[in-house]
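Residue numbers (this note's numbering): 694 to 883. Idealized CB from N, CA, C, for every residue including glycine. Quick caveat: nothing in here was measured; it's all calculated off a predicted structure.
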Ligand SMILES: Cc1cc2nc3c(=O)[nH]c(=O)nc-3n(C[C@H](O)[C@H](O)[C@H](O)COP(=O)(O)O)c2cc1C
């Protein structure tokens, strides 16, 4: 497979916790990715706080690199916990850097897949609903399925932080495959 033919997915993780379940989800996605897919994480915790006075990111190499990575990517994968019934600040900050006012953004027309793990029984449904709203404002396209919510995370990851639950692993695999299919379809339309 030619490198140019690969589907490039940029992954953003909403947890900074060292033993994060959501980071474990991303590791699983990377392990299960098909040969023609390449997932790379962008470390959003390295971005400065968004300031509209410096919206162009001038003199901020991390912002420049982030926007370049978004532009280059065929698709976006969000892996995040829910914080206080919404998304963590570190992720919202990154998405603000990805936005350009008036419904445009560096993600315009790009497919977005979402997966999340929670220790709770509701499994981040509310955070994912908020993300759908945010992506609507950016003209990004959240893929319709599968919806991946890993509930009761303590029971589904082992001591090494690996996702061991069979059903959840299958969902993550199917998410990456579907996201890649959408990315290919949209790439052909460009
Ligand atoms: C500040 C804070 C707020 C949280 N709020 C929620 C919440 O609204 N819903 C939920 O399901 N879990 C919530 N949790 C629990 C997270 O699901 C749990 O900490 C999970 O392990 C975070 O993901 P991580 O392991 O990837 O860091 C919250 C945790 C923190 C630290």
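Can you tell which of 881, 869 and 847 has the C-alpha that lies nearest to the C-alpha of residue 714? 847
So is the beta-carbon of residue 775 under 8 Å away from any non-hydrogen atom of ligand 1? yes
Does the contact criterion of 3 or more C-beta pairs under 8 Å hold for the stretch 791 to 806 versus the stretch 723 to 737? no
Report the residue from 785, 729 and 778 whose alpha carbon sits nearest the alpha carbon of residue 814. Comparing Cα-Cα distances from residue 814 to each of 785, 729 and 778, the minimum goes to 778.
Between the beta-carbon of residue 770 and the beta-carbon of residue 799, is there less than 9 Å? Not a contact, by the Cβ cut-off of 9 Å.
Taking the continuous beta strand (DSSP E) assigned at residue 708, which residues delimit it? It is not in any beta strand (DSSP E) - residue 708 carries neither H nor E in the DSSP assignment.
Boundaries of the alpha helix (DSSP H) in which residue 770 is found, first to last residue: Segment 768 to 772 is the beta strand (DSSP E) holding residue 770; no alpha helix (DSSP H) there.
Beta-bridge partners of residue 883, as assigned by DSSP: Answer by DSSP bridge pairing: none, since residue 883 is not bridged.
Would residue 865 pass as a contact of residue 722 if the rule is Cβ separation under 9 Å? yes
Looking at residue 717 and residue 809, is the spacing between their C-beta atoms short of 9 Å? no
Helix, strand or coil: how does DSSP classify residue 898 here? Nothing in the structure corresponds to residue 898, since the chain is present only between 694 and 883.
Assign residue 841 to buried or exposed, taking buried as 16 or more other Cβ atoms, counted over all protein chains shown, within 10 Å of its Cβ. buried
Quick check on DSSP: helix, strand or coil for residue 856? strand
Checking 9 Å against the spacing of the C-beta atoms, do residue 833 and residue 803 come in under that value? yes
Coil, strand or helix - residue 734 by DSSP: strand
Confirm, please, whether the CB-CB distance from residue 824 to residue 780 is below 9 Å. In contact: residue 780 and residue 824 (Cβ atoms closer than 9 Å).
Under 9 Å between the Cβ atoms of residue 773 and residue 822? no
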